[in-house]
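Have a look at the structure below before the remarks.
Numbering (this note's numbering), first residue to last: 7 to 193.
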């Protein structure tokens, strides 16, 4: 149950503190959220499906009913009471088929929910990255001595064009890579 609340709490906390800080911290926070999401992306769709699907009790009762019928079937002799045995076996087969179709529909709905949650996350992430690039287009994230980045100075400074400056796009790429490297052992 705790897994369901880790990501939203983490995201809200990071975004809250980053709104008070400068854009480099905001970029690092976005990178952490981006790489932390796949680690617990299985829990969000599961939570949503549990909220939307109230058939878990019905599925559990179907399973227990099948189990009890199978126990009853094991007590009946097929040779002595063939009609009763065959009738009970048909009931078990019918209930098992109903359970299979129910599970298939639930699984299909869960995969749709996973797909929608992932699409919403990645679209919102892309919108956030684009808005950051748009907002900090002309401002360097930080300024380094030009000699440190001489061969790649123009690439690193993109889109600001300030000599020795580190542009927001380069900073986002670096933050994403660093967080990916740091979170690799966890995933």
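Ideal Cβ placement from N, Cα and C applies to all residues, glycine included.
Go to residue i, then tell me how far its alpha helix (DSSP H) extends in each direction, as first and last residue.
| i | result |
| --- | --- |
| residue 121 | 88-141 |
| residue 147 | No alpha helix (DSSP H) holds residue 147; DSSP gives it neither H nor E. |
| residue 163 | 159-163 |
| residue 174 | 174-189 |
| residue 72 | 62-81 |
When you compare the CB positions of residue i and residue j, do they come within less than 8 Å of one another, or not?
| i | j | result |
| --- | --- | --- |
| residue 149 | residue 173 | no |
| residue 69 | residue 105 | yes |
| residue 138 | residue 166 | no |
| residue 135 | residue 98 | no |
| residue 119 | residue 54 | yes |
| residue 156 | residue 164 | no |
| residue 107 | residue 72 | no |
Exposed or buried, what is residue i when buried is set at 16 or more other beta-carbons lying within 10 Å of its beta-carbon?
| i | result |
| --- | --- |
| residue 121 | exposed |
| residue 185 | buried |
| residue 66 | exposed |
| residue 23 | Because residue 23 carries a pLDDT of 43, less than 50, the predicted location of this residue cannot be relied on, and the following value inherits that uncertainty. So residue 23 ends up on the exposed side. |
| residue 113 | exposed |
| residue 158 | exposed |
| residue 188 | exposed |
Spatial neighbours of residue i within its chain, please: CB distance less than 8 Å, with the 5 preceding and 5 following residues excluded, ordered by chain position.
| i | result |
| --- | --- |
| residue 83 | 91 |
| residue 79 | 91, 94, 95 and 98 |
| residue 168 | 146 and 149 |
Got a sec? Which residues, its chain only, sit under 7 Å from residue i by beta carbon, not counting five neighbours each side?
| i | result |
| --- | --- |
| residue 151 | 170 |
| residue 141 | none |
Once you ignore the five residues that flank residue i on each side, which residues in its own chain have a CB closer than 6 Å to its CB?
| i | result |
| --- | --- |
| residue 115 | none |
Quick one, which of the options has its alpha-carbon nearest residue i's?
| i | options | result |
| --- | --- | --- |
| residue 63 | 190, 117 and 109 | 109 |
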